[in-house]
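If you count the sequence shown from 1, position 199 lands on 389 in this note's numbering, and the numbers rise without skipping.
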Amino acid sequence: MLAPATVATGFWADMARAARIVLLNGPGSVGKSSVAAALQAIAPRPLLHLSMDRFCEMLPDRFQDHADTFLFDTRQVGGQTETGVVTGAKGRALLAAMRRSVAALADAGFDLVVDDVWLDGEPADYAGLLRGHRVWRVGLTAPLAVLEERERDRDDRALGLARAQLPLVHRDVAYDLTIDTAGVTAEDVARRIAALAGLLAP
191 MLAPATVATG FWADMARAAR IVLLNGPGSV GKSSVAAALQ AIAPRPLLHL
241 SMDRFCEMLP DRFQDHADTF LFDTRQVGGQ TETGVVTGAK GRALLAAMRR
291 SVAALADAGF DLVVDDVWLD GEPADYAGLL RGHRVWRVGL TAPLAVLEER
341 ERDRDDRALG LARAQLPLVH RDVAYDLTID TAGVTAEDVA RRIAALAGLL
391 AP
């Protein structure tokens, strides 16, 4: 039998207030997940981390590279490897459900940091879903050479993703803050975001 619910105390006592939400957008290997983890580490209040990658990883392996979900299209362009992602109907549905999960958690009073890749109208969808909450849109970027070096150093990323995404991911997006992650630590970036969003206040 489940124990009876208790009255929220401490950090959780004011969960009826508007949530504080940091939306991180940027190409692969720019450091979004590392920055999100650093934000969680320095924020006095509980901060939930939602990630596009984690939602996609919920798919079975056989649907990780599939026309119905997310099909990786690697080609040579001007002698350089470029990997685009063709999003199928179920992939679009999964990402739309992720954004609605963000809204549901915010409506429940949780502060959030979300790392995402915006390529298809996501800012407008978030704006409608998160109306009434305090939202900061943060663009993370870095020179292509830096992104590709990081990409090569990873064992969980298709080569060429950053090259395909960098020209598109920040297009027509208005940010509250844009940060170049080259030559700085995730902790440095997190402190700048936390100061902007007031996340260091207890």
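Heads up, the beta-carbon is just placed ideally off N, CA and C, and yes, glycines get one too.
- Ranked by Cα distance from Ala391, the options Ser219, Gly221, Ile232 and Leu213 are led by Ile232.
- Take Leu389, set aside five residues on each side of it, and the residues of its chain with a beta-carbon closer than 6 angstroms to its own are Ala233, in chain order.
- Going by C-alpha positions, Ala376 is about 9 angstroms away from Ser223.
- Buried is the label assigned to Pro217, since at least 16 other Cβ atoms lie within 10 Å of its Cβ.
- Rounded to the nearest whole angstrom, the CA to CA distance from Ala296 to Ser241 is 15 angstroms.
- C-alpha of Ala354 to C-alpha of Thr259: approximately 18 angstroms in a straight line.
- Beta-bridge pairing by DSSP links Leu214 to Asp305 and Val328.
- For His239, the beta-bridge partners assigned by DSSP are Val303.
- Note that the region 298-313 touches the region 355-370; at least 3 beta-carbon pairs, one per stretch, sit closer than 8 angstroms.
- Residue ranges of uninterrupted beta strand (DSSP E) with 3 or more members, entirely inside the region 318-371 and ordered along the chain, are 324-331 and 367-370.
- If you draw a straight line from the Cα of Arg347 to the Cα of Val220, it is about 12 angstroms long.
- Here the alpha carbons of Gly278 and Leu229 stand approximately 32 angstroms from one another.
- CA-to-CA, the gap between Met288 and Arg244 works out to about 10 angstroms.
- For the pair of segments examined, the region 323-336 was found to touch the region 380-387: the number of CB pairs separated by less than 8 angstroms reaches three.
- When rounded, the separation of the alpha-carbon atoms in Arg342 and Leu349 is 7 angstroms.
- Bridge pairing for Gly274: Asp263 [DSSP].
- Straight-line measurement puts the Cα of Tyr316 at about 8 angstroms from the Cα of Ala293.
- Here the alpha carbon of Ala283 sits roughly 18 angstroms from the alpha carbon of Asp305.
- If you draw a straight line from the Cα of Glu339 to the Cα of Arg321, it is about 38 angstroms long.
- In this structure Ala298 is exposed. Its beta-carbon is surrounded by fewer than 16 other beta-carbon atoms within 10 angstroms.
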